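K.L.:
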Amino acid sequence: MKILLPFLLPLLLGIVCGVLIAAGALYFNPIAMGTLSPLAVSGRQQVVLNYSAVPGEAIVFTNDGESRTAPQPSKVSQLWEAPIRQTTVLVTALKDHQGSTVGVGVKFSSLSEATRLLNNEAIVESAWHIALPRQGTLQIGQTENHWNYLREIVLPAYWNAADSWKGNWRGLLSSGPNALGTARVYGGSGRYAGTLLEAAEYLSATAYSARTGPVAADGQLVIELPQDQTRVAGDAEP
Amino acid sequence: MIKLFFSGVIIGVVGTIAALYYVPAVDQAREASVITVAPNGGNAERFHVNIPGDRIMLGAQGRATALPEGMLWPEDSVLDGTQAELFKLRNQRDVVIGVASRFAVSNSDIGSVVEWVVHLPARGSLFAVLDPAMRDGGRDGVLRGGTGEFSELGGGLSERWVAASADGADGNDGRIELVASYVSTRVQESPDDAGPAAETDE
């Protein structure tokens, strides 16, 4: 062993350096996903729905009960069964640009096996079920990429001595399934009945705790309407 | 020594890349699907929700008791006539395989609406709109769309309430049965259809 040690030491040191170089290249990859949705430059009319992305401010938030983010309220049934253990459900009030409640939404999010950290892809498959009682109902299916969120908020919070991150971050979550990276929206009833629309979901965060999850964060759904839709409360110009 | 160090660096870089490529970051637990062939074409799959055991949330205006306990449902007038429910969903073997939401909305703006979203984490999501009128003790509806393995499927979804046996041995009041029928929506072109178009292109 003593004979091998002088050879093993530089080899092990090199391996550690190699791992750090690879991790650093991944973390600082300059060609990671952009933060602009094609809907941001669309000329069509859009519905903008805002919600609080802080689980503690949700109507209901549940997960496996063992994650750092606690279910809300505390006595809600938890998703501990193996097939749903990597799933979270958020039930939240949806507000228009003036802050008035216009409906309620249920968001299912599951970690995806399509996740490829090597490609800067931390994929979450999600589905929204939305009721806007004065307008109609919508169902949204989307693929989300949380890589930028993990890289710019979650990891820095863990590295921070205070286990927290503070700043001003806004990012695009939607990355599919449509070709341009937008979410697919199926109109269920009311003014949206039978329509097939596109949407993009954004997340804005100003504070995050490594111990409890998001502290101050807001989500925003931007849904593009067909050209013949009339303007109603809750709609916003692009 | 220097050669050994740089060899280690290369091993470290390549090893990290190989590990990220070959080791899955996410591994979802799967239950084998229980799907039957429908007599008139397509496939059918049955799900159910045990009531009250599998009900996660029941939100509606003016409810005396909230479910779950401690939930604060928004008391905005815009949500009058809106009921939202959240369930764990089971397959025919009584194993939890997903979660589902059900909206029942009734107002003068959009009429009566009953909808389901079924989310099966390893498979995808199903979006269904049901006829609000009861028929033969249940409601029938159509699949509006889906994600994952359901993204190219159409068909229908029906819901039925099945009361528990009188002895109530399993501790449930009954169950909501959902039957999804799947029909592929992918248009398959026959060689005959493709022929003339190909000739035109030439």
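Protein chains in written order, with the numbering used here: chain A, 1 to 238; chain B, 1 to 202.
Quick reminder that beta carbons are idealized off the backbone N, C-alpha and C, glycines included.
A quick note: this is a predicted structure, and the numbers were derived from the prediction, not measured.
What is the C-beta distance between A:Gln220 and A:Tyr202, in whole angstroms, given that I count them as a contact (C-beta under 8 Å)?
P.N.:
Here residue 220 of chain A is taken as the residue at index 220 of the first sequence, counted from 1. Here residue 202 of chain A is taken as the residue at index 202 of the first sequence, counted from 1. Yes, they are in contact, since the Cβ atoms of A:Gln220 and A:Tyr202 sit about 5 Å apart, within 8 Å.
K.L.:
Taking three-plus beta-carbon pairs below 8 Å as touching, is the stretch 62-76 of chain B in contact with the stretch 57-77 of chain A?
P.N.:
Contact between the stretch 62-76 of chain B and the stretch 57-77 of chain A is present, because at least three Cβ pairs lie under 8 Å.
K.L.:
Among B:Asp173, B:Ile11 and B:Leu4, which has the Cα closest to the Cα of A:Leu9?
P.N.:
Residue numbering aside, residue 9 of chain A sits at position 9 when the first sequence is read from its first letter. When only C-alpha atoms are compared, the closest one is B:Leu4.
K.L.:
Is the beta carbon of A:Gln46 closer than 7 Å to that of A:Glu198?
P.N.:
For the purposes of this step, residue 198 of chain A is taken as residue 198 along the first sequence, with counting starting at 1. For the purposes of this step, residue 46 of chain A is taken as residue 46 along the first sequence, with counting starting at 1. Going by C-beta atoms, A:Glu198 is not nearer than 7 Å to A:Gln46.
K.L.:
Going along chain A in order, which residues have a C-beta closer than 9 Å to the C-beta of B:Met134?
P.N.:
Looking up residue 134 of chain B in the second sequence gives position 134. None at all; the shortest Cβ gap to chain A is about 18 Å.
K.L.:
Reducing DSSP to helix, strand and coil, say where A:Ile21 ends up.
P.N.:
Along the first sequence, read from residue 1 onward, the residue named residue 21 of chain A stands at position 21. Looking at A:Ile21 - three-state DSSP - the assignment turns out to be helix.
K.L.:
Out of B:Val78, B:Asp54, B:Gly154 and B:Ala60, state which residue places its alpha-carbon closest to the alpha-carbon of B:Asn172.
P.N.:
As a working note, residue 172 of chain B is residue 172 in the second sequence. Measuring from the Cα of B:Asn172, the nearest candidate turns out to be B:Asp54.
K.L.:
Please tell me whether A:Ala122 and A:His146 are closer than 7 Å, where the distance is taken between their beta carbons.
P.N.:
Position 122 of the first sequence holds residue 122 of chain A. Position 146 of the first sequence holds residue 146 of chain A. In contact: A:Ala122 and A:His146 (Cβ atoms closer than 7 Å).
K.L.:
Return helix, strand or coil for B:Gly145, following the three-state DSSP convention.
P.N.:
Counting from one through the second sequence, the residue named residue 145 of chain B turns up at place 145. DSSP places B:Gly145 in strand when its eight states are reduced to three.
K.L.:
Whole angstroms are fine: how far does the CA of B:Ala38 sit from the CA of A:Gly213?
P.N.:
For the purposes of this step, residue 213 of chain A is identified with residue 213 of the first sequence, where counting begins at 1. For the purposes of this step, residue 38 of chain B is identified with residue 38 of the second sequence, where counting begins at 1. Their Cα atoms are separated by approximately 46 Å.
K.L.:
What residues in the stretch 18-38 of chain B bring their beta carbon closer than 8 Å to a beta carbon of chain A?
P.N.:
Correct list: Leu20, Tyr21, Pro24, Ala25, Val26, Asp27, Gln28, Ala29, Arg30 and Glu31.
K.L.:
Are A:Leu90 and A:Ala58 touching if we call contact CB-CB under 7 Å?
P.N.:
Stepping through the first sequence from its first residue, residue 90 of chain A is reached at position 90. Stepping through the first sequence from its first residue, residue 58 of chain A is reached at position 58. Contact: yes.
K.L.:
Distance, Cα to Cα, B:Val13 vs A:Ala25?
P.N.:
One-based indexing of the second sequence puts residue 13 of chain B at position 13. One-based indexing of the first sequence puts residue 25 of chain A at position 25. Cα-Cα distance, rounded: 10 Å.
K.L.:
Between the beta-carbon of B:Ala128 and the beta-carbon of B:Leu86, is there less than 7 Å?
P.N.:
Against the second sequence, residue 128 of chain B aligns to sequence position 128. Against the second sequence, residue 86 of chain B aligns to sequence position 86. Not in contact: B:Ala128 and B:Leu86 (Cβ atoms no closer than 7 Å).
K.L.:
How far does the beta strand (DSSP E) with A:Lys107 in it reach, from first residue to last?
P.N.:
Reading the first sequence from its first residue, position 107 is the one you call residue 107 of chain A. Run containing A:Lys107: Thr101 to Leu111, per the beta strand (DSSP E) assignment.
K.L.:
List, in chain order, every chain B residue whose beta-carbon is nearer than 8 Å to that of A:Ile15.
P.N.:
Numbered from its first residue, the first sequence carries residue 15 of chain A at position 15. Neighbours of A:Ile15 on chain B, chain order: Gly8, Val9, Ile11, Gly12 and Gly15.
K.L.:
Measure the C-alpha to C-alpha separation of A:Pro226 and B:Leu130 and round it to an integer number of angstroms.
P.N.:
In the first sequence, the residue the question calls residue 226 of chain A occupies position 226. In the second sequence, the residue the question calls residue 130 of chain B occupies position 130. Straight-line Cα distance between these residues: approximately 24 Å.
K.L.:
Mapping the DSSP letters down to three states, classify B:Pro196 as helix, strand or coil.
P.N.:
As a position in the second sequence, residue 196 of chain B is number 196, starting the count at 1. Residue confidence for B:Pro196 is low, a pLDDT of 49 falling below 50, so the modelled location carries little weight; the figure read from the coordinates is stated next. Three-state result, B:Pro196: helix.
K.L.:
Would B:Ile176 pass as an interface residue toward chain A - the criterion being a Cβ-Cβ separation below 7 Å?
P.N.:
Numbered from its first residue, the second sequence carries residue 176 of chain B at position 176. It does not; no Cβ of chain A falls within 7 Å.
K.L.:
What did DSSP end up calling A:Ile153 once you bin it into helix, strand or coil?
P.N.:
By one-based count along the first sequence, residue 153 of chain A stands at place 153. DSSP places A:Ile153 in helix when its eight states are reduced to three.
K.L.:
Step through the CB atoms of chain B and report whether any lies within less than 7 Å of the CB of A:Ala58.
P.N.:
The residue given as residue 58 of chain A occupies position 58 in the first sequence. For A:Ala58, the answer is no, since every Cβ of chain B falls outside 7 Å of its Cβ.
K.L.:
Determine which residues of the stretch 70-103 of chain B have a Cβ less than 8 Å from any Cβ of chain A, and write them out in chain order.
P.N.:
Listed by position, the residues of the stretch 70-103 of chain B near chain A (Cβ gap below 8 Å) are Gly70, Met71, Leu72, Trp73, Pro74, Asp76, Val78, Leu79, Asp80, Gly81, Thr82, Ala84, Leu86, Lys88, Val95, Val96, Ile97, Gly98, Val99, Ser101 and Phe103.
K.L.:
In the DSSP assignment, find the unbroken beta strand (DSSP E) run with A:Ala183 in it and report its ends.
P.N.:
Taking the first sequence and counting its residues from 1, one reaches residue 183 of chain A at position 183. First-last of the beta strand (DSSP E) with A:Ala183: Ala183 to Gly190.
K.L.:
Check for me: the alpha helix (DSSP H) holding B:Phe5 runs from which residue to which?
P.N.:
Along the second sequence, read from residue 1 onward, the residue named residue 5 of chain B stands at position 5. Looking at the DSSP string, the run of the alpha helix (DSSP H) that includes B:Phe5 is Ile2 to Tyr22.
K.L.:
DSSP state of A:Ala82, grouped into three classes?
P.N.:
Position 82 of the first sequence, counted from the start, is the residue given in the question as residue 82 of chain A. A:Ala82: helix per DSSP, three-state reduction.
K.L.:
Would you say B:Ser125 reaches chain A, if we count a Cβ-Cβ gap shorter than 7 Å as a contact?
P.N.:
The residue labelled residue 125 of chain B in the question sits at position 125 within the second sequence. Yes, B:Ser125 lies at the interface with chain A (some Cβ there is under 7 Å from its Cβ).
K.L.:
Span of the beta strand (DSSP E) holding A:Lys75?
P.N.:
As a working note, residue 75 of chain A is residue 75 in the first sequence. It is not in any beta strand (DSSP E) - A:Lys75 carries neither H nor E in the DSSP assignment.
K.L.:
According to DSSP, which residues form a beta bridge with A:Gly213?
P.N.:
Translated into positions along the first sequence, residue 213 of chain A becomes position 213. DSSP, once it has assigned bridges, lists A:Ser209 as partnering A:Gly213.
K.L.:
By the DSSP assignment, the beta strand (DSSP E) with B:Glu152 in it spans what residues?
P.N.:
The sequence position of residue 152 of chain B within the second sequence is 152, counting from 1. From DSSP, B:Glu152 is part of no beta strand (DSSP E); its letter is neither H nor E.
K.L.:
A:Pro10 versus chain B: which residues are under 7 Å apart at the beta carbon?
P.N.:
Numbered from its first residue, the first sequence carries residue 10 of chain A at position 10. Under the 7 Å cutoff, chain B gives Met1, Leu4, Phe5 and Gly8.
K.L.:
Report whether the distance from the Cβ of A:Asn168 to the nearest heavy atom of the ligand PLP is below 6 Å.
P.N.:
The model on display carries no ligand, and the ligand PLP is accordingly not part of it.
K.L.:
Please decide whether A:Gln255 counts as near chain B, where near means a Cβ-Cβ distance under 7 Å.
P.N.:
There is no way to answer for residue 255 of chain A, as the model of chain A reaches only from 1 to 238.
K.L.:
Hey, could you find the ends of the beta strand (DSSP E) A:Leu132 is sitting in?
P.N.:
If you number the first sequence from 1, residue 132 of chain A lands on position 132. Note, A:Leu132: beta strand (DSSP E), Ile123 to Leu132.
K.L.:
Assign A:Gln139 to one of two classes, buried (16 or more other C-beta atoms within 10 Å of its C-beta) or exposed (fewer than that).
P.N.:
For the purposes of this step, residue 139 of chain A is taken as the residue at position 139 of the first sequence. Flag for A:Gln139 reads buried.
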